[in-house]
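I have placed the structure first, in the form of structure tokens, so that the comments after it can refer back to it.
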Amino acid sequence: MVPDEPGEWQGAAQAGMQALVVDDCPESLAAIAKAARSNGWQVEVADSAEHALQRVRLAPEQGSAFDVVFFDERMPGTDGWQLFDALQSMTSGAKLPRCILMSNKGPELVEPQHAARSAALDGYVVKPLTAGMLERAWVQALRKDAGTPAPAAAR
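Pasting the structure below:
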């Protein structure tokens, strides 16, 4: 069951959840991973989209799977939007992780060419972020799966 009130978020983010954090900036990567770990999540990190795709592909072979991938929008080489497309196209039969975009700008500022993809995201969080913001984004993803609107405080 997905909580209705912000005070009920505690525990909804499932201790032990498997999260992958993707960011090309080492300082951001470390800070976001620390925030995610403070929620009780098992966290792996990737410093590029290519590394993230490799981790997602290999996880089932290692007897695990990611519940969520938090990824930066702007990275050199393959950017966050391209990573999202690649994750969405994976059809190995394994459960795909929920995808939550991290950006320095709000979702209302997403470039028009990304508008359709933005609607397909499981969540969106604006940097700099906190452990609570990660948890709220996770709850929003759960609510989206359940077809339930997020509480106003999470939007």
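Residue numbers (this note's numbering): 43 to 197. From the three backbone atoms N, C-alpha and C, an ideal C-beta is built for every residue, glycine too.
What residue from the options has the CA that sits closest to residue i's CA?
{"i": "Pro-118", "options": "Val-64, Lys-186, Gln-182", "result": "Val-64"}
{"i": "Phe-126", "options": "Ala-91, Arg-99, Gly-105", "result": "Ala-91"}
{"i": "Ala-128", "options": "Ser-106, Gln-104, Leu-163", "result": "Leu-163"}
{"i": "Gln-58", "options": "Ala-107, Gly-165, Glu-103, Leu-138", "result": "Residue identity differs from the one stated: residue 58 is Gly in this sequence, not Gln. Looking at the Cα atoms, Ala-107 is the closest of the given residues."}
{"i": "Ile-74", "options": "Gly-122, Ala-183, Met-175", "result": "Met-175"}
{"i": "Ala-173", "options": "Ser-80, Pro-68, Ala-72", "result": "Ser-80"}
What does a CB cutoff of less than 6 angstroms around residue i pick up in its chain, not counting 5 residues either side in sequence?
{"i": "Phe-112", "result": "Val-63, Ile-142, Met-144"}
Excluding the 5 residues flanking residue i on each side, which residues of the same chain have their C-beta closer than 7 angstroms to its C-beta?
{"i": "Gly-148", "result": "Val-168"}
What residue range is occupied by the uninterrupted alpha helix (DSSP H) comprising residue i?
{"i": "Ala-75", "result": "68–80"}
{"i": "Gln-60", "result": "First-last for Gln-60: 60–64, but that is the beta strand (DSSP E), not the alpha helix (DSSP H)."}
Helix, strand or coil: how does DSSP classify residue i here?
{"i": "Phe-108", "result": "coil"}
{"i": "Arg-97", "result": "helix"}
{"i": "Arg-116", "result": "coil"}
Suppose you measure from the CA of residue i to the CA of residue j; what does that come to, to the nearest Å?
{"i": "Ala-78", "j": "Asp-66", "result": "17 angstroms"}
{"i": "Ala-61", "j": "Ser-70", "result": "16 angstroms"}
{"i": "Trp-83", "j": "Gln-56", "result": "7 angstroms"}
{"i": "Tyr-166", "j": "Gln-104", "result": "28 angstroms"}
{"i": "Arg-97", "j": "Leu-171", "result": "23 angstroms"}
{"i": "Gln-182", "j": "Arg-140", "result": "11 angstroms"}
For the beta strand (DSSP E) containing residue i, name the first residue and the last one.
{"i": "Gly-165", "result": "165–168"}
{"i": "Gln-84", "result": "84–88"}
{"i": "Leu-143", "result": "140–145"}
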